[in-house]
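See structure below.
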């Protein structure tokens, strides 16, 4: 009897929590089809004109493109740095291993605003020729890379736990040289973790507002930053709503594909 | 280096330390071609380390490994012609059975049709024929073990190494697979080394047992020899289930006096009870008599009886009885004496004697078997 009551309570609470988390997204997506220019819920009519406007809007498309370029560069760099680091941390016992791990994972813990403040000052000191990297493409990408690296390391480390060292020994005992072993045995096993961290890193960079606002400058305005400043100045623009809904739907689809194919929620 | 044609593997002076911890201490070992050798010993004795050195996964601090005339000490595992079966099987999770077994053949650039043929043969040998397409995740423990075995066998290695292959199987399966592995080894004529801590496995599977403790080889002999002529106290107690019983005693002049209870026996009479290989004459001092549970004579008096004991617990195994018996405060285990039906009552008093020619004698200080010179 008590167990049944427990189950009911758990189910109700879970549903409420899910509703609370998903409600803004649901409202967002539904509103993107709303006829009216002003925000109202429930919507009064159905229209696709805002989606049309989105596909015609040069500014938003430019912002999306910049975000995509920054996110993919930062994700790639994050993988390039994070994967070897994860291997080193997992495979080698050395003094300071845990300490290094904490340092590499620290960007996750720091309040982003404070870190971004420090980053501005640091960036203004780093110069190429007569220009500092503050406000440059390189600058944003580097800043995002630092945020992404901890995710990469954490996820690749997790997937490395699935790689039993005996697997690699077994391959070698059967005649596989180290490179062959890495390609045929190790990579297929860690690939889901690598993919997850790549996508996660991309998302983190794509949706970042704080760091990008501080470091971006005027030439490279990423999508979330643009949207944030527009909403502050112009108010809730249906175009912004629509674009956001679009991005959210895109993310949801990617997440579902990933979960269905390689069950990547294991690595988070 | 001239090697007898029969010797397949030679280990000379192998030592391995981790910092101050000496895991292997000057190991010398020879193995004949096609021989099934068992590395036996308790945890920490160094047997797995030795196996890994043979596999090329570890390098020894000193010494050399020679396989079929070739010095392989420094060679990485992929340059040795070995097959390795891991305790946890180490099957490649991203491949199915066929791909796992075929892996070694692919690394040796064997043509595809040959690979197909040989993998099928290997799967048949381990009784997994027809299951090639099955993914690893769907296999039971016993099946995984067979795949691991097939994978190592199919490449026809010069040396087959098995690291505790049965320890993850349940008891029934273990008994079954023990026989299968031994049969396959004989059939293929592979030079094989198996590591285990289970003395039953060692006794039933091996041509020769190498018993190790603390990084040192205690005795290297056939199962029969190691059972009937254990070279020291440790070997005698490790091999044999239930464990051998030891009696502390002291020799003075012509009398051997038991230390733990009132009983003494003349040396003349004792000699008739000892194994034939034991020295005829030995000095006064402290000794240990070793008597295996099955080598007692239990009766209700009579000429063979030496002393009396009280049975306080009977283990009934169906075909065997183990009688846990007290002589004063000393406890021994007696196995399957004639007519145990009376002994089910606690504290049943019995008279105990030793079977002639079956008693072991160890020096009380060195713990070594008192051998004839």
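Residue numbers (the working numbering), protein chains in the order written: chain A, 1 to 268; chain B, 1 to 373.
Heads up, the beta-carbon is just placed ideally off N, CA and C, and yes, glycines get one too.
Start-to-end residues for the beta strand (DSSP E) that takes in residue i
i                      : result
residue 316 of chain B : 307-316
residue 324 of chain B : 321-327
residue 8 of chain B   : 7-18
residue 212 of chain B : 208-213
residue 196 of chain B : 192-196
residue 287 of chain B : 285-291
residue 363 of chain B : 360-363
residue 36 of chain A  : Element bounds for residue 36 of chain A: n/a, residue is neither H nor E.
residue 265 of chain B : 264-266
residue 74 of chain B  : Residue 74 of chain B -> no beta strand (DSSP E), and no H or E assigned at all.
residue 221 of chain B : 216-221
residue 256 of chain B : 255-258
residue 64 of chain B  : 62-67
Nearest to residue i (by Cα), restricted to the options the options
i                      : options                    : result
residue 172 of chain A : B:229, B:180, B:151        : B:151
residue 221 of chain B : B:203, B:136, B:237, B:171 : B:203
residue 353 of chain B : B:305, B:277, B:318        : B:305
residue 366 of chain B : B:92, B:149, B:286, B:258  : B:286
residue 334 of chain B : B:362, B:293, B:320        : B:293
residue 273 of chain B : B:106, B:359, B:99, B:134  : B:359
residue 168 of chain A : B:77, B:196, B:138, B:105  : B:77
residue 270 of chain B : B:281, B:260, B:127        : B:281
residue 372 of chain B : B:249, B:283, B:86         : B:283
residue 25 of chain A  : A:6, A:192, A:248, A:257   : A:248
residue 107 of chain B : A:178, A:194, A:263, A:244 : A:178
residue 143 of chain A : A:260, A:73, A:198         : A:73
Sequence-distant residues of its chain with Cβ nearer than 6 angstroms to residue i (five each side left out)
i                     : result
residue 80 of chain B : 56, 72
residue 67 of chain A : 206, 222, 223
residue 77 of chain A : 145
Supposed contact pair residue j and residue i - C-beta distance, whole angstroms, cut 8 angstroms
i                      : j                      : result
residue 216 of chain B : residue 226 of chain B : That belief does not hold up - the Cβ atoms of residue 216 of chain B and residue 226 of chain B are roughly 16 angstroms apart, past 8 angstroms.
residue 324 of chain B : residue 307 of chain B : 16 angstroms between Cβ atoms; not a contact.
residue 24 of chain B  : residue 12 of chain B  : Not confirmed; about 12 angstroms, so no contact.
residue 226 of chain A : residue 63 of chain A  : 4 angstroms
residue 65 of chain B  : residue 54 of chain B  : 6 angstroms
residue 151 of chain A : residue 99 of chain A  : The Cβ separation is near 20 angstroms, so there is no contact.
CB contact check: residue i to chain A, cutoff 7 angstroms
i                      : result
residue 3 of chain B   : Reliability fails at residue 3 of chain B, whose pLDDT of 49 lies under 50, so the model's placement of it is uncertain and no value is given.
residue 103 of chain B : yes
residue 369 of chain B : no
residue 55 of chain B  : yes
residue 77 of chain B  : yes
residue 212 of chain B : no
residue 84 of chain B  : yes
residue 9 of chain B   : no
residue 90 of chain B  : yes
residue 146 of chain B : no
residue 108 of chain B : yes
residue 20 of chain B  : no
residue 232 of chain B : no
residue 316 of chain B : no
N-terminal and C-terminal residue of the alpha helix (DSSP H) that residue i is part of
i                      : result
residue 351 of chain B : It is not in any alpha helix (DSSP H) - residue 351 of chain B instead sits in the beta strand (DSSP E) that spans 348-354.
residue 47 of chain B  : 47-55
residue 102 of chain A : 97-105
residue 142 of chain B : 141-153
residue 218 of chain A : Taken as a continuous stretch (DSSP letters only), residue 218 of chain A belongs to no alpha helix (DSSP H), as it is neither H nor E.
residue 179 of chain A : 178-181
residue 31 of chain B  : First-last for residue 31 of chain B: 21-32, but that is the beta strand (DSSP E), not the alpha helix (DSSP H).
Interface flag, residue i vs chain B, CB-CB below 7 angstroms
i                      : result
residue 251 of chain A : no
residue 221 of chain A : no
residue 17 of chain A  : no
residue 174 of chain A : yes
residue 160 of chain A : no
residue 166 of chain A : yes
residue 93 of chain A  : no
residue 170 of chain A : yes
residue 188 of chain A : yes
Other residues of its chain near residue i: CB distance less than 7 angstroms, five sequence neighbours each side excluded
i                      : result
residue 163 of chain A : 186, 189, 190
residue 46 of chain A  : 33, 35
residue 140 of chain A : 70, 212, 215, 216, 220
residue 98 of chain B  : 119, 132, 133
residue 205 of chain B : 36, 38, 178, 181, 182, 194
Close Cβ partners of residue i (< 8 angstroms) along its chain, the five nearest in sequence each way excluded
i                      : result
residue 264 of chain B : 255, 256, 257, 258
residue 7 of chain B   : 30, 31, 32, 33
residue 120 of chain A : 134, 214, 215
residue 2 of chain B   : Low local confidence applies: a pLDDT of 47 at residue 2 of chain B is under 50, so the model's placement there is unreliable, and no value is given.
residue 103 of chain B : 92, 95, 151
Near the ligand NAP: residue i beta-carbon under 6 angstroms from a heavy atom
i                      : result
residue 238 of chain A : The ligand NAP is absent from the structure shown, which contains no ligands of any kind.
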